[in-house]
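So the structure is just underneath, and the comments pick up after that.
2 protein chains.
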Amino acid sequence: MVRKPAKADVKVAGTRKPNMREAILAAAEELFSTYGFNAVSVRDIAQAAGANPGSVTYHFKTKDGLLLEIYRRHCGPMNLRRSELLAAARRVRDLQDRLEAIVRAYVLPAFTSGSDLAGGGTRFTRLRAVMSAEGNEVVRKIIAQTFDDTSNAFIDAIHESLPHIPRTDIVWRGHFLLGALYYTLVTPERVSRLSRGSADGSDAGHAIEQIVRATVASLQAAPLDQAAPARRKTPVPVKGQG
Amino acid sequence: MVRKPAKADVKVAGTRKPNMREAILAAAEELFSTYGFNAVSVRDIAQAAGANPGSVTYHFKTKDGLLLEIYRRHCGPMNLRRSELLAAARRVRDLQDRLEAIVRAYVLPAFTSGSDLAGGGTRFTRLRAVMSAEGNEVVRKIIAQTFDDTSNAFIDAIHESLPHIPRTDIVWRGHFLLGALYYTLVTPERVSRLSRGSADGSDAGHAIEQIVRATVASLQAAPLDQAAPARRKTPVPVKGQG
DNA sequence: TGATTCCTTGTACGATAGTACAAATATGGT
DNA sequence: ACCATATTTGTACTATCGTACAAGGAATCA
Numbered sequence: 004m005v006r007k008p009a010k011a012d013v014k015v016a017g018t019r020k021p022n023m024r025e026a027i028l029a030a031a032e033e034l035f036s037t038y039g040f041n042a043v044s045v046r047d048i049a050q051a052a053g054a055n056p057g058s059v060t061y062h063f064k065t066k067d068g069l070l071l072e073i074y075r076r077h078c079g080p081m082n083l084r085r086s087e088l089l090a091a092a093r094r095v096r097d098l099q100d101r102l103e104a105i106v107r108a109y110v111l112p113a114f115t116s117g118s119d120l121a122g123g124g125t126r127f128t129r130l131r132a133v134m135s136a137e138g139n140e141v142v143r144k145i146i147a148q149t150f151d152d153t154s155n156a157f158i159d160a161i162h163e164s165l166p167h168i169p170r171t172d173i174v175w176r177g178h179f180l181l182g183a184l185y186y187t188l189v190t191p192e193r194v195s196r197l198s199r200g201s202a203d204g205s206d207a208g209h210a211i212e213q214i215v216r217a218t219v220a221s222l223q224a225a226p227l228d229q230a231a232p233a234r235r236k237t238p239v240p241v242k243g244q245g
Numbered sequence: 004m005v006r007k008p009a010k011a012d013v014k015v016a017g018t019r020k021p022n023m024r025e026a027i028l029a030a031a032e033e034l035f036s037t038y039g040f041n042a043v044s045v046r047d048i049a050q051a052a053g054a055n056p057g058s059v060t061y062h063f064k065t066k067d068g069l070l071l072e073i074y075r076r077h078c079g080p081m082n083l084r085r086s087e088l089l090a091a092a093r094r095v096r097d098l099q100d101r102l103e104a105i106v107r108a109y110v111l112p113a114f115t116s117g118s119d120l121a122g123g124g125t126r127f128t129r130l131r132a133v134m135s136a137e138g139n140e141v142v143r144k145i146i147a148q149t150f151d152d153t154s155n156a157f158i159d160a161i162h163e164s165l166p167h168i169p170r171t172d173i174v175w176r177g178h179f180l181l182g183a184l185y186y187t188l189v190t191p192e193r194v195s196r197l198s199r200g201s202a203d204g205s206d207a208g209h210a211i212e213q214i215v216r217a218t219v220a221s222l223q224a225a226p227l228d229q230a231a232p233a234r235r236k237t238p239v240p241v242k243g244q245g
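Quick mapping for you: the protein sequence lines, in order, are chains A and B. Under our numbering, the residues of the first sequence are numbered 4 to 245, in order. Under our numbering, the residues of the second sequence are numbered 4 to 245, in order.
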């Protein structure tokens with residue numbers, strides 16, 4: 004990442020910020036989720052937080068440690084929130100409403116923060132999207148350990164609402180949901196651009212409604228024939244073309 | 004990225020590879036799409052291609068130039084293929100079949116290469132996913148210039164098949180399709196893991212069928228009420244919770 | 001107030017980054 | 001075989017990277 008050359012504000016030694024640790028974490032979240040892990044230097048983060056590079060080392064030891072701490076403080080609250088909302092959704096009587104409530108329970112905590120961290124929800128989800136795209140080694144194990152239980156709980160809940168759909172198909176469609184979620188947070192401006200101004204990709208409320216609606220419909224679709232087709236590898240001919 | 008310390012094969016000066024330029028491009032595609040742009044050094048690429056770092060500079064001038072060239076040689080063929088398949092899909096009589104053919108025409112070229120580059124299709128799409136996640140400045144403008152025309156053509160074609168769905172909703176759902184596509188190529192092992200072995204996330208043929216099925220269903224879903232709701236920002240209450 | 005701990009600062013070090021460049025070698029036309 | 005060109009190699013330069021560390025100012029409690 005390219006830092007701005009000008010260093011307008013001269014820093015007076017000794018003036019201590021109320022909570023420098025939090026400022027560093029927030030700056031790191033923002034920068035990592037925007038430019039990726041390797042594109043951002045410790046110095047970038049320190050400057051954005053109004054801190055000294057040494058402070059980052061002091062609080063988090065290493066750059067990996069900083070990333071780890073970001074995950075540590077978000078994963079718990081987020082999954083807790085999801086569990087709560089899932090439990091509530093399970094109690095919905097109407098089957099169609101229940102399915103929608105379950106999907107919403109999965110989507111919502113990705114946008115709203117699990118704790119009181121300002122804007123933390125979307126920022127952290129965006130971070131997760133970027134880290135998974137970069138195949139970050141530090142977070143790979145955390146992802147599997149921390150999120151798979153929650154994911155399985157949602158898959159099972161959906162499976163209960165749609166018993167005629169094989170679990171495998173639900174896994175696929177839930178996977179697509181997460182991909183849609185990530186991509187919407189990563190490039191919201193593409194929605195604005197392609198819709199020619201009639202939609203705002205960064206409107207979280209609208210994005211949630213659209214994702215929920217699309218996902219519920221996809222979950223209800225007829226499952227794939229597990230039999231003969233879908234056995235071939237690339238290339239696959241266009242069905243009904245000639 | 005961490006290079007392997009051992010340099011087993013001693014390189015004899017002068018032994019020229021049949022096409023070093025191609026080898027460098029292929030290695031760069033593979034590494035960039037796996038670890039991200041900034042995580043991979045020119046030396047990493049050179050080593051993976053069995054080349055000298057200087058050769059990379061010779062053929063592509065800069066690291067950005069290398070990335071640019073990767074896009075240059077994939078975008079044209081891929082969009083051409085998409086246009087051909089879209090034209091064929093438009094001629095399908097049955098409306099349901101036509102919609103499916105259109106979606107398939109969009110998805111297919113993302114998996115199969117537009118040219119004869121081995122495995123180039125998924126690799127390049129994976130690269131696009133990673134670059135968009137990292138907000139890469141070099142490719143941002145290319146994306147908008149090169150892909151928006153094609154995207155709009157598909158949106159319009161879908162809109163013709165589903166005239167009762169507002170264009171805005173189609174944009175959203177098409178956006179989700181692309182997100183699902185990207186995420187499936189970036190983390191296929193998550194599908195295998197969550198499905199407990201009953202599905203292979205990296206089976207391109209199966210992934211295509213699943214994506215097409217899910218997307219067609221989501222496109223056919225009732226559009227959102229453009230009126231009262233979906234106006235609120237975060238947080239959004241869970242519908243039907245209490 | 002003084003002592004202790006906590007936090008911040010400034011600087012520095014080794015590693016690695018992207019890139020430039022001259023020398024060395026391979027290729028292709030004649 | 002020779003020359004001109006194209007490509008590869010080896011090396012080097014500068015910038016920036018993550019991190020370490022000593023020194024100094026703030027906070028806390030006696």
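Here a beta-carbon is modelled for each residue, glycine too, at the ideal position from N, C-alpha and C.
Should N250(A) be flagged as near chain B, meaning a C-beta pair shorter than 8 angstroms?
Limits of chain A in this structure are 4 at one end and 245 at the other, which puts residue 250(A) out of reach.
Give the DSSP-derived three-state secondary structure of L180(B) in the structure shown.
Helix.
Would you call the CB atoms of Y109(B) and G182(A) closer than 8 angstroms?
No, they are not a contact pair.
Cβ pair count under 8 angstroms reaching 3, the segment 161-181 of chain B against the segment 192-203 of chain A
The segment 161-181 of chain B vs the segment 192-203 of chain A: in contact.
What does D151(B) reach in chain A if we use C-beta pairs closer than 9 angstroms?
By Cβ distance, chain A contributes R193, R196, L197.
Looking at N139(B): is its Cβ nearer than 8 angstroms to the Cβ of F63(B)?
No, Cβ-Cβ distance for N139(B) and F63(B) is not below 8 angstroms.
Near the ligand FMN: I145(A) beta-carbon under 7 angstroms from a heavy atom
Absence of the ligand FMN is noted for the structure shown, with no ligands found whatsoever.
D228(B): buried (16+ other C-beta within 10 angstroms of its C-beta) or exposed?
By the 10 Å Cβ count, D228(B) comes out exposed.
Taking 8 angstroms as the CB-CB limit, is G138(B) close to chain A?
Judged by the 8 angstroms Cβ criterion, G138(B) is in contact with chain A.
Span of the alpha helix (DSSP H) holding L102(A)?
Unbroken alpha helix (DSSP H) run through L102(A): 98-114.
State the start and end residues of the unbroken alpha helix (DSSP H) segment that holds V59(B).
Run containing V59(B): 56-63, per the alpha helix (DSSP H) assignment.
When R75(B), S135(B), A210(B) are compared against E192(A), the one with the closest alpha-carbon
Minimum Cα distance to E192(A) is reached at S135(B).
Does the CB of R46(B) have a neighbour CB from chain A at under 8 angstroms?
In terms of beta-carbon proximity, R46(B) stays away from the interface with chain A, with every pair separated by 8 angstroms or more.
Does any residue of chain B bring its CB to less than 8 angstroms from the CB of R186(A)?
Going by the sequence as given, residue 186(A) is Tyr instead of Arg. Nearest CB-CB separation between Y186(A) and chain B: below the 8 angstroms threshold.
Considering G68(B), what are the terminal residues of the alpha helix (DSSP H) in which it resides?
Counting along the chain, the alpha helix (DSSP H) containing G68(B) begins and ends at 66-93.
Residues of chain B with CB closer than 7 angstroms to the CB of A113(A), please, in chain order.
Contacts between A113(A) and chain B, judged by CB atoms closer than 7 angstroms, are missing: the closest CB pair is about 10 angstroms apart.
Would you mind working out which of M81(B), D206(B), S221(B) sits nearest P112(B), comparing C-alpha positions?
The shortest Cα separation from P112(B) among M81(B), D206(B), S221(B) belongs to M81(B).
Closer than 6 angstroms by C-beta to T218(B): which residues in its own chain qualify, once you throw out the five before and the five after it? Chain order, please.
V106, L180, listed in sequence order.
Supposed close pair E32(A), F127(A) - CB separation, criterion 8 angstroms:
Confirmed, Cβ separation roughly 7 angstroms.
Check whether the Cβ atoms of V43(B) and P56(B) sit closer than 8 angstroms, and answer yes or no.
Not in contact: V43(B) and P56(B) (Cβ atoms no closer than 8 angstroms).
Closer than 8 angstroms to chain B by CB, E249(A)
The requested residue 249(A) does not occur in the structure, where chain A is confined to residues 4 to 245.
Are any of the Cβ atoms in chain A nearer than 8 angstroms to that of Q223(B)?
Yes, contact with chain A.
Residue range of the alpha helix (DSSP H) that includes D159(B)
Its alpha helix (DSSP H) spans residues 140-164.
Can you tell me whether DSSP reads L227(A) as helix, strand or coil?
Correct three-state label for L227(A): coil.
Suppose the cutoff is 8 angstroms on Cβ atoms and the five residues either side in sequence are ignored; what does the same chain contact list for D154(B) look like?
Position check: residue 154(B) holds Ser in this sequence, whereas Asp was assumed. Contacts found: G177.
Short CB-CB distance (under 8 angstroms) between F127(A) and chain B:
With 8 angstroms as the cut-off, F127(A) does not count as an interface residue toward chain B.
What does T37(A) touch in chain B if you count any residue whose Cβ is under 7 angstroms from its own?
The answer, in chain order, is G138.
CB-CB under 8 angstroms to L28(B), same chain, minus the five flanking residues each way: which ones, in chain order?
Excluding residues up to 5 positions away in sequence, L69, E72, I73, R76 lie with their Cβ nearer than 8 angstroms to the Cβ of L28(B) in the same chain.
Going by DSSP, what residue range makes up the alpha helix (DSSP H) through M23(B)?
In this chain, the alpha helix (DSSP H) harbouring M23(B) covers 23-38.
Going by alpha carbons, who is nearest to E87(B) out of D47(B), A156(B), V142(B)?
That would be A156(B), whose Cα lies nearest to the Cα of E87(B).
In terms of residues, what are the limits of the alpha helix (DSSP H) holding V45(A)?
For V45(A), the uninterrupted alpha helix (DSSP H) run begins and ends at 45-52, by DSSP.
In terms of residue numbering, what span does the alpha helix (DSSP H) encompassing P191(A) cover?
For P191(A), the enclosing alpha helix (DSSP H) stretches over residues 191-197.
With 8 angstroms as the threshold, decide whether the Cβ of N82(A) is near any Cβ in chain B.
Not one chain B Cβ lies under 8 angstroms of N82(A).
How many angstroms separate the CA atom of N22(B) from the CA atom of T60(B)?
Cα-Cα distance, rounded: 16 angstroms.
If we cut at 8 angstroms on Cβ distances, does S164(B) have a partner in chain A?
Taking Cβ atoms only, chain A never reaches closer than 8 angstroms to S164(B), which makes this a no.
Looking at the C-beta of V59(A), does it have a partner C-beta in chain B at a distance below 8 angstroms?
Cβ-Cβ to chain B under 8 angstroms: no for V59(A).
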